[in-house]
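In what follows, a single structure is set out as structure tokens and then discussed.
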Amino acid sequence: MQEKREKEKKVCNFGEHFTIDGYRADFNKLNSKALVLGALKELPEQIGMKILGKPVIYKACPNDKKDPGGWSGFVMVVESHISIHTFPARGFVSIDVYSCKNGLDTQHIRSYFKKKFSIEDMETNFLKRGTRYPVKDEDTLE
């Protein structure tokens with residue numbers, strides 16, 4: 001009987017996580033606090049997310065041979081978050097766009113950041129998160 005109840009529980013995926021690793025990007029753009037902050041303010045609206053609070057951004061100092069420092073910014077949105085970490089000296093940027101809404105426009109996000117930071121080469125990854133997320137409260141596992 002318990003096994004039958006388990007099979008009847010409905011699940012879905014909780015959300016989508018799109019990551020971008022950008023290479024050979026423009027040093028001056030990666031080193032611009034205003035540009036990173038602007039992206040954190042602009043992109044959520046463009047992809048249908050609602051900002052919960054003002055984006056935060058910090059200057060990260062170099063901390064070892066691998067991390068030459070740059071800007072790190074984050075914005076919390078109703079749907080989850082967007083984060084950007086720049087490494088101007090390496091021409092590198094690491095970006096996460098995570099949303100509990102399904103249907104992220106990954107092509108728009110990719111194009112937006114490619115242009116915003118003049119990225120010459122990109123690696124992208126797309127993950128479905130929480131693939132066994134219960135559809136209803138009463139569907140939670142005991």
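The opening residue of the sequence shown carries number 1 in the numbering used here; numbering runs sequentially from there. Positions of the beta carbon are idealized from the N, C-alpha and C atoms, including for glycine. Note that this is a predicted model, so its numbers are computed, not measured.
Beta-carbon proximity check, Tyr98 vs Gly38, cutoff 8 Å:
The residue you call residue 98 lines up with position 98 of the sequence shown. The residue you call residue 38 lines up with position 38 of the sequence shown. No, these two residues do not count as a Cβ contact at 8 Å.
Excluding the 5 residues preceding and the 5 following Ile53 in the sequence, name in chain order all residues of the same chain whose CB lies nearer than 6 Å to its CB.
Counted from its first residue, the sequence shown places residue 53 at position 53. Here residue 53 is Gly; the residue named in the question, Ile, does not match the sequence. Answer for Gly53: Met76, listed in chain order.
Using the C-alpha atoms, what's the distance from Arg129 back to Ala34?
Position 34 of the sequence shown holds residue 34. Position 129 of the sequence shown holds residue 129. Looking at the backbone, the Cα of Ala34 and that of Arg129 are separated by about 31 Å.
According to the neighbour-count rule (16 or more other Cβ atoms, all chains shown, within 10 Å of its Cβ), is Thr86 buried or exposed?
Within the sequence shown, residue 86 is the residue found at index 86, counting from 1. Thr86 comes out buried.
Please report how far the alpha carbon of Pro55 lies from the alpha carbon of Lys10, in whole angstroms.
The count along the sequence shown starts at 1 and reaches residue 55 at position 55. The count along the sequence shown starts at 1 and reaches residue 10 at position 10. Rounded to whole angstroms, Pro55 to Lys10 spans 35 Å at the Cα level.
Neighbourhood of Asn13 by C-beta distance below 8 Å, restricted to the same chain and skipping five residues each side
For the purposes of this step, residue 13 is taken as residue 13 along the sequence shown, with counting starting at 1. Beyond the five residues adjoining it in sequence on each side, Asn13 comes within less than 8 Å, by CB distance, of Asn102, Lys128, Arg129, Gly130, Thr131, Tyr133 in the same chain, given in chain order.
If you follow the alpha helix (DSSP H) that Leu127 is in, where does it begin and where does it stop?
As a position in the sequence shown, residue 127 is number 127, starting the count at 1. Taken as a continuous stretch (DSSP letters only), Leu127 belongs to no alpha helix (DSSP H), being part of the beta strand (DSSP E) at 121-129.
Measure the C-alpha to C-alpha separation of Asn28 and Asp121 and round it to an integer number of angstroms.
On the sequence shown, position 28 is the one that residue 28 refers to. On the sequence shown, position 121 is the one that residue 121 refers to. In a straight line, the C-alpha of Asn28 is about 17 Å away from that of Asp121.
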